[in-house]
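Before any comments, here is the structure.
Numbering (the working numbering), first residue to last: 7 to 400.
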């Protein structure tokens, strides 16, 4: 084994040449050792050698993973840190499935705040989680802990000794990067394995108040995924999501919050509609967005409000009427439902056109129901509020 930081450039260069000529002869254990322990130039060449070899010999990844495992469990914490950094870089350019064996040693490093390689290990875990979320479900608590970890302010460094402030900025940026990547891993886990998040809802919701917009946005995504199968767990936090929708000015937090509210509304339409009644102006802002998905979310939320208090949306009805001609089918459908629920008679002619000519069955159905309401042929009872749930924003 070479010494940490050793210049083994010549050896790495020889291996890279060999990987090009005869990759079957390459010892990936040796390559990984150079990648982890060498100086910067050695590591650069070793990474190119690893990538070139795995490109033509993907089955050789087992030898590389075994070497990484050994170094991730080395007695020297700085070697473990270098191993975590190198493993994270290697995972990004390889078949993630073959690196699942590294989850356990990476979790061990990431779970110890005293480990120099903690951030590197967490980033590597998040990288695995983005491709193989089922393999890192045991790291949910760890990823949440990292998301909650305080980031030292660059303006107010804790260490006031000479030269301390110059080191805080890079440290702060590194920690923020780790937190954002940890949240990305959580959003992927929540999308594929929402049941693994159920026991951590309180910790997730607390991140809606985080000072970083990507953490808040990711939190809304996690809650949306959770609400799709466990809406009862998210329903108590509808007011917090409404607050993000109405008060957050950082892209893309407001419409991520709107997505989560739409997901909760599938099971709790009256709860969501009542909570949104005081922020219809903020919903109107969504209706004006160029992104059809955002408009779809906005009109879906307005449909919930209309079911609870039709009078609260009267000022928006001319704009909703215009949405009957929107290019996005769910927008047209939910605009029709909203107009029908409010008794907006000026829309009858356009609704009849949708019933007769719209190419989307969901739009024709919504327009038909709206006309029935406007013509007094269909009055759903309060207990059948689900009859008028918004059309999915497909």
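Even glycine gets a Cβ: it sits at the ideal position worked out from N, Cα and C.
Euclidean distance between Cα positions of residue i and residue j
{"i": "residue 71", "j": "residue 260", "result": "41 Å"}
{"i": "residue 290", "j": "residue 376", "result": "21 Å"}
{"i": "residue 99", "j": "residue 28", "result": "21 Å"}
{"i": "residue 299", "j": "residue 339", "result": "13 Å"}
{"i": "residue 311", "j": "residue 138", "result": "38 Å"}
{"i": "residue 229", "j": "residue 241", "result": "10 Å"}
{"i": "residue 145", "j": "residue 361", "result": "50 Å"}
{"i": "residue 262", "j": "residue 151", "result": "22 Å"}
{"i": "residue 31", "j": "residue 21", "result": "9 Å"}
{"i": "residue 303", "j": "residue 268", "result": "7 Å"}
{"i": "residue 128", "j": "residue 94", "result": "9 Å"}
{"i": "residue 34", "j": "residue 122", "result": "25 Å"}
{"i": "residue 50", "j": "residue 14", "result": "11 Å"}
{"i": "residue 132", "j": "residue 23", "result": "32 Å"}
{"i": "residue 43", "j": "residue 130", "result": "18 Å"}
{"i": "residue 224", "j": "residue 17", "result": "44 Å"}
{"i": "residue 76", "j": "residue 85", "result": "10 Å"}
{"i": "residue 396", "j": "residue 315", "result": "16 Å"}
{"i": "residue 350", "j": "residue 190", "result": "43 Å"}
{"i": "residue 40", "j": "residue 213", "result": "40 Å"}
{"i": "residue 89", "j": "residue 106", "result": "15 Å"}
{"i": "residue 168", "j": "residue 38", "result": "Summary for residue 168: the model assigns pLDDT 48, below 50, so the residue's position carries little reliability, and this model does not support an answer."}
{"i": "residue 366", "j": "residue 334", "result": "10 Å"}
{"i": "residue 125", "j": "residue 112", "result": "10 Å"}
{"i": "residue 136", "j": "residue 359", "result": "45 Å"}
Range covered by the alpha helix (DSSP H) that runs through residue i
{"i": "residue 61", "result": "46-62"}
{"i": "residue 247", "result": "244-253"}
{"i": "residue 227", "result": "219-240"}
{"i": "residue 264", "result": "259-271"}
{"i": "residue 128", "result": "124-137"}
{"i": "residue 210", "result": "207-212"}
{"i": "residue 116", "result": "109-116"}
Residues bridged to residue i [DSSP beta-bridge criterion]
{"i": "residue 320", "result": "Bridge partners of residue 320: none, in fact."}
{"i": "residue 12", "result": "44"}
Reduced DSSP secondary structure (H/G/I, E/B, other) of residue i
{"i": "residue 276", "result": "helix"}
{"i": "residue 181", "result": "helix"}
{"i": "residue 289", "result": "helix"}
{"i": "residue 189", "result": "helix"}
{"i": "residue 65", "result": "helix"}
{"i": "residue 18", "result": "helix"}
{"i": "residue 198", "result": "helix"}
{"i": "residue 155", "result": "coil"}
{"i": "residue 203", "result": "coil"}
{"i": "residue 147", "result": "helix"}
{"i": "residue 6", "result": "The structure shown does not extend to residue 6, since the chain spans only 7 to 400, so no value can be given for it."}
{"i": "residue 23", "result": "helix"}
{"i": "residue 33", "result": "coil"}
{"i": "residue 120", "result": "coil"}
{"i": "residue 106", "result": "helix"}
{"i": "residue 381", "result": "coil"}
{"i": "residue 7", "result": "coil"}
TODO: Enumerate, from N- to C-terminal direction, the unbroken alpha helix (DSSP H) stretches of 4 or more residues contained entirely within the stretch 69-100.
DONE: DSSP runs (the alpha helix (DSSP H)) wholly in the stretch 69-100: 83-98.
Task: Complete alpha helix (DSSP H) runs within the stretch 299-379 (minimum length 4 residues, chain order) - done: If we require 4 residues or more, the alpha helix (DSSP H) runs fully inside the stretch 299-379 come out as 323-328, 335-348 and 354-363.
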